[in-house]
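Asker:
Right under this line is the structure:
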C-alpha cells in the first residue's frame, strides 16, 4: 500500500520503515501519513531539486491518525478551511444545493472551492444520475468529525438551525422524505419547538416502517428535549402521546420494564389535563403491556378501567380492541367461555364498523381459543382467515404472530413440515422488526 501511494522511490525508501512502525497496519493512518508527506514535498521542493534526505530530516509523523488529519486541515488557507467546516455540519455526504445556501457562495465559486478541497483529498465527488446536481462526500468520516468539532458549539448549533430551515423550504411538498435529516439538524440546534416536532414525526415514520429501535431513539430524544422546557397545558396531551408511542416501540423490542415506566409517565401527564380520550388509550396500552408480560389480572384491571371511559366517550373501535384484550386475558386465566364471549362481542363491533386490524387480531384470539380446547382444525381456519386480513392491511406484527400460532397448531396436529414452514416465516419477520419475544 505504501509503495502504491508514494510514487517517488527515493521518498519510499527514506520513509517506508518510519511509516510502518507508526501506522501499525492501519490503512487510513498510512494514507494520511502519505498525504502529509506529499504536502511537505510540494511546499518545500518547489524547484523540484529532490534533496529528500535533507527535506525530511526534521519531518515528524504524528502518533495518531487524528493528529495527522488535524495537521493537514490546519495547513489549509482560511477560506478553504471555513467551507470545509461548514460542509461538515451537513454530515459525511455533502449536498451542493444545501451547502450553497449556507455559505452564500455563487455556484461557480463554490464548485471551484470544492475542487480545491478534492485535490487536497479531503472530499471526493460522488457519482449521481446525469440529471441530478453534483454531490461530494468526505473521504473519511474522521475528516468530517475533525472539521465538525473544530467549530464553536454556538456556531454549530446556528448552522444546524440554518440547514434545518433550508431543508424545510427546499422540500416543503415532500418533507416526509427528509424528516429524519430535518429532525437531526433541529435536534442539534437551539430551536426546541421544531426539534420536538420533527423528532416526533421521525419516530412516527420509523414506527410505521416497523423500525422500532429507531423509533425508540427518536421518541426518547423528543422527550429529553421537551423535559428541558416548561410544557404548556396544550402540549401535555402531545407529550403523553409521545410516551405512549415510545412504550409501544420499547415493548416490541423487548424493553418491557422501560415500556411500563413510559406508560406510567404518559398516564401522569394525561391526568394533569383530564383528557378522557387519551387516558382511555393509555389504560388500554397498559392492559396490552401487562398481557404481553403474562400478568393477566393486572391486564384485565387496566382494560376494564379503559372500557369504562371508552364507553362514556363512545369510541367503538377502541371498545372492540379492549374487548379483544380482555377476551385473550380470560382465555389464559383458564376462563375460556368468558374469553370467547368477549372475543365474539369484539368481532361483532369490528364487523359493524369495518375495523379490519382489530378484527384480524380478534380472529387470531379465537384461533387461540380453539387451540386451547384441542380443536386444532377450527383453530387453523380461524388463524388463516385472520392471516388473510392481516396480509390485506399489511400489518406485519400481526402476520408474524399469526404465523407463529399456525406453526404451533400444525405441530399439535403432527404436521411438522407445515409447522416448520410457518414458524420460519414468523421468525424471519420477527428478526426484521426486532420483535425478540415473538422470535423466542
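Residue numbers (the numbering used here): 15 to 454. No residue lacks a Cβ here, since even glycine has one placed at the ideal position from N, Cα and C. Here the structure is a predicted model, which is why all the values come from computation and not from measurement.
#1: Please check the pair residue 124 and residue 113, which I expect to be a contact at CB under 8 Å, by giving their CB distance rounded to whole angstroms.
#2: Taking the continuous alpha helix (DSSP H) assigned at residue 396, which residues delimit it?
#3: Contact between the stretch 230-239 and the stretch 262-282: three or more CB pairs below 8 Å?
#4: Could you give the residue range of the alpha helix (DSSP H) that holds residue 455?
#5: Taking DSSP as the reference, what is the three-state secondary structure of residue 152?
#6: Round the Cβ separation of residue 103 and residue 173 to the nearest angstrom and send it over; I've been treating them as touching at under 8 Å.
#7: By the three-class DSSP mapping on this structure, what secondary structure does residue 415 have?
#8: Between the Cα of residue 419 and the Cα atoms of 445, 335, 390, 406, which residue gives the shortest distance?
#9: According to DSSP, simplified to helix, strand and coil, what is residue 378?
#10: How about residue 159 and residue 150: are their beta carbons less than 8 Å apart?
#11: Smallest Cα separation from residue 94: which of 111, 442, 80, 117?
#12: Is the distance from the Cβ of residue 403 to the Cβ of residue 357 below 8 Å?
#13: Starting from the N-terminal side, write out each stretch of the alpha helix (DSSP H) that is 4 residues or longer and does not extend beyond the stretch 300-364.
#14: Can you tell me the Cα-Cα spacing of residue 162 and residue 334, whole angstroms?
#15: In this structure, does DSSP put residue 292 in helix, strand or coil?
#16: Between residue 276 and residue 327, is the Cβ-Cβ spacing less than 8 Å?
#17: According to the neighbour-count rule (16 or more other Cβ atoms, all chains shown, within 10 Å of its Cβ), is residue 450 buried or exposed?
#18: May I ask you to list the residues that DSSP assigns as paired with residue 107?
#19: So, are the CB atoms of residue 246 and residue 287 less than 8 Å apart?
Answerer: Concretely, from the data shown:
#1: 7 Å
#2: 390-407
#3: yes
#4: A query on residue 455 cannot be resolved here, the shown segment of the chain reaching from 15 to 454 and no further.
#5: strand
#6: 4 Å
#7: helix
#8: 390
#9: helix
#10: no
#11: The shortest C-alpha separation from residue 94 is found at 117.
#12: 8 Å or more divides the Cβ of residue 403 from the Cβ of residue 357.
#13: 310-327, 330-346
#14: 52 Å
#15: helix
#16: no
#17: exposed
#18: In DSSP, residue 107 forms a bridge with 151.
#19: no
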